[in-house]
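With the working numbering applied, the sequence shown closes on residue 428, and no number is skipped along the way.
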Amino acid sequence: MPPSDHQLLVLSDIMAMNNGVLRQADHLAWRAAFDYLVRQGTIVRVHPGVFADARYADGRFTGCAAALARFPRAVLWGETAGAALLGELAATPMAVGEELTLALPYSVKPIAGLQLVNRHVAAAHVRRVDG
Numbered sequence: 298m299p300p301s302d303h304q305l306l307v308l309s310d311i312m313a314m315n316n317g318v319l320r321q322a323d324h325l326a327w328r329a330a331f332d333y334l335v336r337q338g339t340i341v342r343v344h345p346g347v348f349a350d351a352r353y354a355d356g357r358f359t360g361c362a363a364a365l366a367r368f369p370r371a372v373l374w375g376e377t378a379g380a381a382l383l384g385e386l387a388a389t390p391m392a393v394g395e396e397l398t399l400a401l402p403y404s405v406k407p408i409a410g411l412q413l414v415n416r417h418v419a420a421a422h423v424r425r426v427d428g
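Structure representation (structure tokens):
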């Protein structure tokens, strides 16, 4: 049975507020709605438990939003951070083999498409860009 129109509208609104990204863990009661949207091709899995609007899933901006949703304590790092500060994370597709760089205060297993740097970044050095 498909989810209610209300559930789909709410998930769509939440995704819009979160730069085109949804974390399934934040909406466990609506698992059926997630499954429905995946089957319909409306959203795609970008990282474990993180889904993005299929229309923008291969864009740098959405890629950064998805990576930060996957690792909430991470910050963009290096060239990726520079591109964000300069407003250069346009919704254009990432190049084949391109990686986004994040700094995390802990170690994690490698993830395709992400370069993960184990580094603590003081809160005073973090800037929020575009939501």
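No residue lacks a Cβ here, since even glycine has one placed at the ideal position from N, Cα and C.
Suppose the cutoff is 7 Å on Cβ atoms and the five residues either side in sequence are ignored; what does the same chain contact list for residue i look like?
i	result
Ala363	Val318, Val343, His344, Val347 and Ala349
Glu396	Gly410, Leu411 and Gln412
Ser404	Asn415
Val418	Val372 and Ala400
May I have the straight-line CA-CA distance separating residue i from residue j, to the nearest angstrom?
i	j	result
Arg367	Thr339	19 Å
Val372	Asp332	29 Å
Arg352	Leu365	19 Å
Val423	Asn316	19 Å
Met312	Ala322	14 Å
Along the chain, where does the alpha helix (DSSP H) that runs through residue i open and close?
i	result
Ala378	Gly375 to Leu382
Measuring alpha carbon to alpha carbon, tell me which residue in the options is nearest residue i.
i	options	result
Ala378	Gln304, Ala419, Asp332 and Leu399	Leu399
Ala330	Leu305, Leu386 and Arg370	Leu305
Trp374	Pro402, Ala322, Val393 and Ala392	Pro402
Pro390	Ala354, Arg425 and Leu383	Ala354
Within a Cβ cutoff of 6 Å, which residues of the same chain sit near residue i, ignoring the five residues on either side of it in sequence?
i	result
Pro300	Ala329, Ala330 and Tyr333
Ala380	Leu386
Could you spell out where the beta strand (DSSP E) holding residue i opens and where it closes?
i	result
Ile340	Ile340 to His344
Gln412	Leu411 to Asn415
Any contact of the region 324-332 with the region 350-359, i.e. 3+ C-beta pairs under 8 Å?
no
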